[in-house]
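*Asks:* Sequence lines, in order, name chains A and B.
All residue numbers for the first sequence refer to the UniProt record's numbering, where the first residue is 1 and numbers rise by one.
All residue numbers for the second sequence refer to the UniProt record's numbering, where the first residue is 1 and numbers rise by one.
Using N, Cα and C, we set each Cβ at its ideal position, and we do this for glycine too.
What follows is a structure written as structure tokens; I'll ask about it next.
2 protein chains.
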Amino acid sequence: MDGTHLPLIGEETHLRADAVRNRARLLEAAARLAAERGAAAITMETVAAEAGVGKGTVSRRFGDRNGLLQALLDHSEQRFQEAFLSGPPPLGPEADPATRLRAFGPALLHHERANLDLYLAAEPAAERRFAVPPRRLRHTHVAMLVRALLPDADAELLAHALLSSVEVVLVDHLVRDHGMPLARVEAGWHDLVDRLLG
Amino acid sequence: MDGTHLPLIGEETHLRADAVRNRARLLEAAARLAAERGAAAITMETVAAEAGVGKGTVSRRFGDRNGLLQALLDHSEQRFQEAFLSGPPPLGPEADPATRLRAFGPALLHHERANLDLYLAAEPAAERRFAVPPRRLRHTHVAMLVRALLPDADAELLAHALLSSVEVVLVDHLVRDHGMPLARVEAGWHDLVDRLLG
């Protein structure tokens, strides 16, 4: 009895590990497409082609395009969080707080631009906007850096002011409606940080 | 023929002027109620009682409560705009730019708090959020002050950062979800302005 089960258990474990790797590979392919050609370029077909698998494999993992986009946002958000919480300098903990704060704005801008369609589609209602977990985590992080740099400031409020200045909906308005180059928004973050740090 | 019409025209003019006065009186009464007891206290009945007229008069002017609230927001917005564009100091043009900028945040906060329910109910969709006329006018005004005070700064972006720091949805989150006193948000505006002006 045990003998007949062991190979099956082994097979199942093998399949699961394979499924996890497969999923990660598909999400990496989708993230590459989003970064290079924008989220609009993400379809079940383009992700399958980019990952070198059949379209059926993508469908089995994510259901439809919306399922894929949601999974991609979670995945991308997690990598961004890892980068500023525990990644290498200038974002991560080995750099000094001023360097980390200066680097955070452009990193957030690029993360948001790479996932623009996802963020705009997932924009929460007004009463939830500041309570969603990624926003709270960013705020905690920026407030921690501000507290280290400006002990006499109201770090909580300054962190909100900083984050709001590169908020995805505002930046989209500036870029789309006013044709503002993203480099100018990045320079604006550095200017704001430098003026605050005096 | 002319003789029979003249009195009617006179009567009509008289009625119109009366209607305008009536409308203004009802809106002033509603604004007082909102400032003293919050927008939730505004009903057709309370406004009628505050203005010393019958409920039918309020219904004839505004239709229903929603019509009244929309008219009130327009009315209140216009008074706020007059205050910072052409009103007395510290908001208006007779004060120096630094004084006007310092005063603008608390004035905006109080204006938004007095109309909180209206603003939350009227919160535009993401793609329209920064394009609505009152927001644009505030931005033009703050950018003009920043330009006068910090000629080397990116006034357009700094104005967005400043305005976002006292944005109605953020402030509502801070006050409602975190129990932050409004006085602290006001102090945060002054702190932010003072740090930027150096």
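Tell me where the alpha helix (DSSP H) around residue 174 of chain A begins and ends.
*Replies:* Per DSSP, residue 174 of chain A belongs to no alpha helix (DSSP H) and is neither H nor E.
*Asks:* Please compile the residues from chain A whose C-beta is within a distance smaller than 7 Å of the C-beta of residue 63 of chain B.
*Replies:* Result: empty, since nearest Cβ-Cβ is about 25 Å, beyond 7 Å.
*Asks:* How about residue 187 of chain B and residue 194 of chain A: do their beta carbons lie closer than 9 Å?
*Replies:* Against a cut-off of 9 Å, the Cβ pair of residue 194 of chain A and residue 187 of chain B comes out as no contact.
*Asks:* Which value, in whole angstroms, describes the spacing of the CA atoms of residue 149 of chain B and residue 140 of chain B?
*Replies:* Rounded to the nearest angstrom, the two C-alpha atoms are 14 Å apart.
*Asks:* With 9 Å set as the bound, which would you pick, yes or no: does the beta-carbon of residue 226 of chain B sit closer than that to a beta-carbon of chain A?
*Replies:* Limits of chain B in this structure are 1 at one end and 198 at the other, which puts residue 226 of chain B out of reach.
*Asks:* Please report the straight-line C-alpha distance between residue 132 of chain B and residue 124 of chain B, rounded to a whole angstrom.
*Replies:* Roughly 8 Å between the two C-alpha positions.
*Asks:* Along the chain, where does the alpha helix (DSSP H) containing residue 97 of chain B start, and where does it finish?
*Replies:* Element bounds for residue 97 of chain B: 97-114.
*Asks:* I'd like to know if residue 145 of chain B contacts chain A, where contact means its C-beta is closer than 9 Å to some C-beta of that chain.
*Replies:* Answer no: the Cβ-Cβ gap between residue 145 of chain B and chain A never drops below 9 Å.
*Asks:* Please state whether the Cβ-Cβ distance between residue 205 of chain B and residue 99 of chain B is less than 9 Å.
*Replies:* Limits of chain B in this structure are 1 at one end and 198 at the other, which puts residue 205 of chain B out of reach.
*Asks:* Between residue 112 of chain B and chain A, is any beta-carbon pair separated by less than 9 Å?
*Replies:* Residue 112 of chain B does not count as touching chain A.
*Asks:* Could you pull out every residue in the same chain whose Cβ sits closer than 7 Å to the Cβ of residue 183 of chain A, ignoring the five residues on either side in sequence?
*Replies:* No residues qualify anywhere along the chain.
*Asks:* Straight-line CA distance for residue 93 of chain B to residue 104 of chain A?
*Replies:* So the alpha carbons of these two residues sit roughly 38 Å apart.
*Asks:* I'd like the list of long-range same chain contacts for residue 7 of chain A, defined as Cβ closer than 6 Å, with 5 residues on each side in sequence excluded.
*Replies:* In this prediction, residue 7 of chain A has a pLDDT of 43, which is less than 50 and means its spatial position is unreliable; nothing more can be read from the coordinates.
*Asks:* What's the C-alpha gap between residue 28 of chain B and residue 177 of chain A?
*Replies:* Roughly 37 Å separates the two Cα atoms.
*Asks:* Give the DSSP-derived three-state secondary structure of residue 5 of chain A in the structure shown.
*Replies:* Residue confidence is low: residue 5 of chain A scores 41 on pLDDT, short of 50, so the model does not pin down where it sits. No coordinate-derived value is stated.
*Asks:* Within the continuous alpha helix (DSSP H) that includes residue 50 of chain B, where are the two ends?
*Replies:* Per DSSP, residue 50 of chain B belongs to the alpha helix (DSSP H) from 44-51.
*Asks:* State the Cα-Cα distance for the pair residue 9 of chain A and residue 16 of chain A, rounded to the nearest angstrom.
*Replies:* Residue confidence for residue 9 of chain A is low, a pLDDT of 47 falling below 50, so the modelled location carries little weight and cannot support an answer.
*Asks:* Between residue 65 of chain A and residue 43 of chain A, is the Cβ-Cβ spacing less than 9 Å?
*Replies:* Contact flag set, yes.
*Asks:* Using a Cβ cut-off of 8 Å, pull out every chain A residue sitting near residue 69 of chain B, in sequence order please.
*Replies:* Near residue 69 of chain B there are no residues of chain A at all, since even the closest Cβ is about 16 Å away, more than 8 Å.
*Asks:* With a CB to CB cut of under 6 Å and the five nearest residues on each side skipped, what residues in its chain are close to residue 19 of chain A?
*Replies:* Once the five neighbours on either side are set aside, residue 19 of chain A has no close Cβ partner at all.
*Asks:* With a threshold of 7 Å on Cβ separation, who are the neighbours of residue 137 of chain A within its own chain once the five nearest residues in sequence on each side are excluded?
*Replies:* Correct list, in chain order: 81.
*Asks:* 9 Å is my cut-off, CB to CB: does residue 196 of chain B come that close to chain A?
*Replies:* So yes, residue 196 of chain B belongs to the interface.
*Asks:* Closest to residue 32 of chain A by C-alpha separation, out of A:72, A:67 and A:60, would be which residue?
*Replies:* When only C-alpha atoms are compared, the closest one is A:72.
*Asks:* By DSSP, does residue 208 of chain B sit in helix, in strand, or in coil?
*Replies:* No answer is possible for residue 208 of chain B: the residues shown for chain B start at 1 and end at 198.
*Asks:* Using the rule of at least 16 other Cβ atoms within 10 Å of the residue's Cβ for burial, across every protein chain shown, is residue 172 of chain A buried or exposed?
*Replies:* When all chains shown are included, residue 172 of chain A counts as buried.
*Asks:* Just by C-beta distance, which residues in the region 94-107 of chain A are closer than 7 Å to chain B?
*Replies:* Answer set for the region 94-107 of chain A: empty.
*Asks:* If I'm right that residue 189 of chain A touches residue 106 of chain A with Cβ under 8 Å, what's the distance once you round it to whole angstroms?
*Replies:* So it is a contact: roughly 6 Å between Cβ atoms.
*Asks:* So, are the CB atoms of residue 48 of chain B and residue 57 of chain B less than 9 Å apart?
*Replies:* Against a cut-off of 9 Å, the Cβ pair of residue 57 of chain B and residue 48 of chain B comes out as a contact.
*Asks:* Taking 9 Å as the CB-CB limit, is residue 5 of chain A close to chain B?
*Replies:* With a pLDDT of 41 at residue 5 of chain A, under the threshold of 50, the predicted position of this residue should be treated as unreliable, though the coordinate-derived value follows. No, because no Cβ of chain B sits closer than 9 Å to the Cβ of residue 5 of chain A.
*Asks:* Is the shortest distance between the beta-carbon of residue 77 of chain A and the beta-carbons of chain B less than 9 Å?
*Replies:* With 9 Å as the cut-off, residue 77 of chain A does not count as an interface residue toward chain B.
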